[in-house]
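Every position in the sequence shown, counted from 1, becomes a number in this note's numbering once 1 is added. Here a beta-carbon is modelled for each residue, glycine too, at the ideal position from N, C-alpha and C.
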Amino acid sequence: MKYIYARVSTKAQSLQSQLQLQEHYPDAELVSEKVSGMKSVDERTEFSKLNDKLTTGDSVIVYDLSRLGRNTSDLLSLVEDWKQRGVGLVVHNLGGQTMDTQTATGYLMFTVLAAVGQMQRDIQQEKARAGMAIAVAEGKMKGGRPHKTKQIDHALKLIKENGLTKQEAAKAAGIGVATIYRALKSEN
């Protein structure tokens with residue numbers, strides 16, 4: 002069986018270019034989700050479901066390798082697992098070429114591209130840190146705790162000191178009830 006895996010990082014992004022893979026692989030089943038590529042493949046609900054049902058002879062088709070992720074070790078581990086299970090990976094958008102990890106050349110290309118993806122991610126993180134350092138130095142960014150942390154603290158205070166229910170405190174603080182449960186769980 003062939004599966005197309007399409008992923009975007011944010012709800013503002015579109016899956017449209019990735020969905021065009023259906024024209025090239027009309028018999029493939031589409032699996033799509035909106036989740037950050039920074040999350041490991043195990044933390045992606047739809048991908049995890051797909052990975053669990055893959056069997057010998059199956060192939061996963063992605064538009065671009067970054068759709069699977071940008072962490073080299075995670076990608077290498079994933080594809081090595083698939084190789085052991087007889088599952089292939091086809092990367093469609095490589096300058097008009099495709100790459101199939103079930104061939105020696107395809108696997109070599111995959112390992113190089115996985116390392117390049119990791120490098121791009123690392124460069125993005127370096128740029129973000131450098132930009133924040135400049136903003137702090139120029140007084141444009143004060144630093145401190147993230148806004149949501151303050152909301153969580155406020156909600157927990159409402160629960161403990163004012164006796165509000167978790168639902169009431171969540172509504173008053175402008176956060177979800179699940180966020181309060183996670184905060185309470187992490188306190189224990």
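Neighbour-count burial assignment, residue i, 16 or more Cβ in a 10 Å radius
i	result
residue 58	exposed
residue 187	exposed
residue 163	exposed
residue 109	exposed
residue 6	buried
residue 60	buried
residue 181	buried
CB of residue i within 7 Å of CB of residue j, strictly
i	j	result
residue 156	residue 179	no
residue 124	residue 91	no
residue 102	residue 80	yes
residue 118	residue 66	yes
residue 10	residue 41	no
residue 8	residue 68	yes
residue 115	residue 165	no
DSSP state of residue i mapped onto helix, strand, coil
i	result
residue 26	coil
residue 127	helix
residue 43	helix
residue 176	coil
residue 34	strand
residue 100	strand
residue 186	helix
residue 14	coil
Endpoints, the alpha helix (DSSP H) within which residue i is located
i	result
residue 84	73–86
residue 18	17–20
Start-to-end residues for the beta strand (DSSP E) that takes in residue i
i	result
residue 224	Here the chain comprises residues numbered 2 to 189, so residue 224 is not present and cannot be evaluated.
residue 60	60–63
residue 3	3–9
Reference residue i; option with closest CA among the options
i	options	result
residue 21	11, 75 and 33	33
residue 4	14, 38, 50 and 18	50
residue 39	55, 154, 15 and 74	74
residue 64	141, 31 and 135	31
residue 44	54, 23, 70 and 77	70
Test: residue i CB closer than 7 Å to a CB of chain D
i	result
residue 15	This model lacks chain D altogether, as it is built from one protein chain only.
Any non-hydrogen atom of the ligand COA within 6 Å of residue i CB
i	result
residue 2	Annotation note on the ligand COA: not contained in the displayed structure, which lists no ligands.
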